[in-house]
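Contents: one structure, followed by commentary.
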Amino acid sequence: MARSVRGGPETEDTEMPKNPGAQAVTAVRNTLYRAYLKAVEKGLLEAGAAENFDISEPRDRNHGDLAANFAMLWAKPLKMAPRKIAETVLAEVEDCPYIDKIEIAGPGFVNVTLSPRWYAEVLLAIDEAGDRYGEVETNKGKKMQVEFVSANPTGPMHLGNARGGVLGDTLASILQWTGAYVEREFYLNDTGNQVDLLSKSLEARYFEHFGDSETYPFPEDGYHGDDVTAHAKAYAEQFGDSLLKADEAERRQKLATFALERNVARMEEDLKRYRIEYDVWFRESSLYPTDVDEALEIMEKNGALYESEGALWFAATKFGVEKDDVLRRANGFYTYYMGDIAYHKNKFLARGFDTVIDVWGADHHGHAVRFASAMRAMGLEPERLKFILMQLVRLTQGGEVVRMSKRTGKAIALSDLLDEISVDAARFFFCSRQCDTQMEFDLDLAVRQDSDNPVYYVQYAHARICSILRNLEAEGITPKAADGLDLTLLTAPEERELIRHLADLPNQIAIAGRDLDPSRMTKYVVETATYFHKFYNACRVRGEEEGLMQARLTLCRLTGQVIKNVLGILKVSCPERM
RNA sequence: GCGCCCGUAGCUCAGCAGGAUAGAGCAUUCGCCUCCUAAGCGAAAGGCCGCGCGUUCGAAUCGCGCCGGGCGCGCCA
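The working numbering puts the first residue of the first sequence at 673, with every later residue one more than the last.
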């Protein structure tokens, strides 16, 4: 697939698709600033005004396509009333092929109406770029990693993992569209206390299976889920009762490995069903001893370590945090934190990522803050490590909050969710809110929500477009190449609104990549559908005069292209019929 | 106590590197298929943008202080 090599080291250095939205802004800025300089030359205005004024879409369409605020911004430095500045500048403006009209309005806004030629060029640019329309190069040449889900393999994945999975996966796609080389990674906590606890839980269940619940009573804070019982049973059925008399350490180790591998296989399968595939499954256990030793060596060299009360400490206070942390307990075992430090040392120093993004639950934010100090202690710029701290999904059923916890066994599994709603709906839903909003997920509603979900609204727009193309095709009308048409015939407000919005895709992708905000894409594509539906209701394609019909057909086709590109980023299917 | 996130229409949420009259969906009411997919479109109604002060020509947007909700502050992960 072409998409999978996007941004990869093997990608040819092909020319970037045109970005008509950015071209318009640049043209307007240059035209206005050049006029200002001319006015300065003539002695009409003082010199020194900044070129970086704001050019943005006005909220009210009656104000034109783009609005510039330089007159208000310059009022103070130029010691002149905003409207007067605007008038003086506009008197010096020269013709620009993208600009039709410039007006002064309100307190001193300069409103620009773009030319039919610009509108036509937007469509030509989309047609030319095709499947690549929307690509930008804001992260060109960067090697990035997105680590997400990284659920404890001690049980099935829950809804929080579902949200993190979609956010991380989609963000990775977006970053690829901004020109970066991106790897998706799952960090597997296959060692440590939680695994230990799992092994003790398994041990108890194993003995129970053979009718002995006395010798190894179930640990108080153990994993109560049915899956643990199932693992023990499966082991017993597969390998018999040999472990009853085995050495305790060996027994626990065998049971834990058995369960872990089953869980990992299941997670991989569930995620695949969810259209998520990783480049790397990184095992925590592989960090020992090399990465841990190397990380400690660097920290030692930077004076970040000391020993106290038998434990090894990280002097985090020296690196901008309030409290020191234990890295190796008095009992000789390393803490999770040490593992995580070694892990990130590996990401940056061994594997050379420029930027790493970790998608974590918001309950880890304290850890995220502390991590900046660990980065400094290793001599790495903290800015290279970014976090998406995602608020957890609150699951409700019949109006009541369902607590999610692996240990109590009450978690709603990701696989259960996908039995209830489509992957398209789930992906779109989890990507439709900003990461830092707390989501409420009503299980009862989720099933009914199907016909109500915005994903169908978007898919419907695409299906409608395909239907128009099909119908005309059946009448022997085939779409002509865009560059041979008179696209300036598209002058209806609904047509212009739609075209302007299509022109904005590259910009939206750049912002989504900059802000690490995948929800930008769902919002954009819902709006695309809205503008298309409005156009559809206002303008007809079939039965219009040949030139206009072909121009509108092209607009339909290219709107479909844009929807397809964005749904592709979201990994949501793009049906031709509904 | 300290730290992070959130408070916008009845509900779910946009808008936030400041910009002109604050938006959408759902729900409510009323319209639109002899016409390319009505899973659609249009209209009405609905708001001290949590509160206060400040910065600014201009604040939902930035700063400070409150109030309310969520989450963290372990030799757990």
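Just so it is clear, CB atoms sit at the ideal spot from N, CA and C, and this is done for glycine as well.
{"Query": "Quick check: ILE771 and LEU786, are their CB atoms within less than 9 angstroms of each other?", "Result": "yes"}
{"Query": "DSSP three-state label for ARG1186, please.", "Result": "helix"}
{"Query": "Would you call the CB atoms of CYS768 and VAL712 closer than 9 angstroms?", "Result": "no"}
{"Query": "So PHE820 and GLY802 are in contact, right, with Cβ under 8 angstroms, and what is the actual spacing, rounded?", "Result": "Not confirmed; about 30 angstroms, so no contact."}
{"Query": "Taking the C-alpha atoms as reference points, what is the distance between ARG1079 and HIS903?", "Result": "Confidence in ARG1079 is poor, its pLDDT being 49 and thus under 50, which makes the residue's placement unreliable; the coordinate value appears in the next sentence. Rounded to whole angstroms, ARG1079 to HIS903 spans 15 angstroms at the Cα level."}
{"Query": "Short of 6 angstroms in beta carbon distance, which residues of its chain neighbour THR850, apart from the five on each side in sequence? Order them along the chain.", "Result": "VAL808, THR810, ASN811, GLY1185"}
{"Query": "What do you get for PRO689, buried or exposed, if any count of 16 or more other CB atoms within 10 angstroms of its CB means buried?", "Result": "buried"}
{"Query": "Report yes if the C-beta distance between ILE1137 and CYS1211 is below 9 angstroms; otherwise report no.", "Result": "no"}
{"Query": "Evaluate VAL761 with the Cβ neighbour count: other Cβ atoms within 10 Å of its Cβ, from every protein chain shown; 16 or more gives buried, anything less gives exposed.", "Result": "buried"}
{"Query": "Assuming GLU819 is part of the beta strand (DSSP E), what are its boundary residues?", "Result": "815-819"}
{"Query": "Let me make sure I understand the geometry here. Which of GLU1055, LEU1239, PHE879 has the alpha-carbon closest to that of LYS1101?", "Result": "As written in the sequence, residue 1101 is Phe, which differs from the Lys given in the question. The shortest Cα separation from PHE1101 among GLU1055, LEU1239, PHE879 belongs to LEU1239."}
{"Query": "So, under 8 angstroms CB-CB, ILE776 and ALA758 are touching, yes? Tell me the CB distance rounded to an integer number of Å.", "Result": "5 angstroms"}
{"Query": "Run through DSSP, which three-state label would LEU843 get?", "Result": "helix"}
{"Query": "Looking only at its chain, what residues have a beta carbon closer than 7 angstroms to the beta carbon of HIS1173, apart from the 5 residues adjacent to it on each side?", "Result": "GLU1199, THR1200, TYR1203"}
{"Query": "Give the straight-line distance between the Cα atoms of ASN865 and ASP1122, rounded to the nearest whole angstrom.", "Result": "41 angstroms"}
{"Query": "Using CA coordinates, which residue listed in PRO961, LEU709, ASN833 is at the minimum distance from ALA719?", "Result": "LEU709"}
{"Query": "Going by DSSP, what residues sit across from THR1027 in a beta bridge?", "Result": "MET816"}
{"Query": "May I ask you to report which of helix, strand or coil DSSP gives GLU920?", "Result": "helix"}
{"Query": "CA-CA distance, VAL1197 and ALA1002?", "Result": "55 angstroms"}
{"Query": "So, at 8 angstroms on beta carbons, what are the nonlocal neighbours of LYS872 in its own chain, with the 5 sequence-adjacent residues on each side left out?", "Result": "TYR888, PRO891, GLY894, ARG924"}
{"Query": "Does the stretch 1052-1061 come into contact with the stretch 1023-1031, if we say contact requires no fewer than three beta-carbon pairs (one atom in each stretch) closer than 8 angstroms?", "Result": "yes"}
{"Query": "Please classify PRO779: is it buried, with 16 or more other beta-carbons within 10 angstroms of its beta-carbon, or exposed?", "Result": "exposed"}
{"Query": "Of all the options MET1047, LYS1019, PHE1113, which has the alpha carbon lying nearest to the alpha carbon of TYR859?", "Result": "LYS1019"}
{"Query": "DSSP three-state call for GLU909: helix, strand or coil?", "Result": "helix"}
{"Query": "When you compare only the Cα positions, how much space is there between PRO754 and ILE774?", "Result": "16 angstroms"}
{"Query": "Please report the distance separating the alpha-carbon of TYR907 from that of ARG1048.", "Result": "46 angstroms"}
{"Query": "Assign HIS1037 to buried or exposed, taking buried as 16 or more other Cβ atoms, counted over all protein chains shown, within 10 Å of its Cβ.", "Result": "exposed"}
{"Query": "Given this structure, state the Cα-to-Cα distance separating PRO1126 from TYR1132, to the nearest angstrom.", "Result": "10 angstroms"}
{"Query": "Going by Cα to Cα distance, which pick from ASN741, GLY1215, LEU1161, LEU1170 is closest to VAL1234?", "Result": "LEU1170"}
{"Query": "From HIS1016 to ARG1249, what distance separates their C-alpha atoms?", "Result": "46 angstroms"}
{"Query": "Do ALA988 and ALA1046 have their C-beta atoms closer together than 9 angstroms?", "Result": "yes"}
{"Query": "What residue does the beta strand (DSSP E) around ILE771 start on, and which one ends it?", "Result": "771-777"}
{"Query": "With which residues is SER728 paired in a DSSP beta bridge?", "Result": "ALA739"}
{"Query": "Which same chain residues end up closer than 7 angstroms to GLU875 when comparing Cβ atoms and leaving out the 5 residues on each side of it in sequence?", "Result": "TYR888, ARG923, ARG924, LEU927"}
{"Query": "Residues bridged to ALA983 by DSSP?", "Result": "SER980"}
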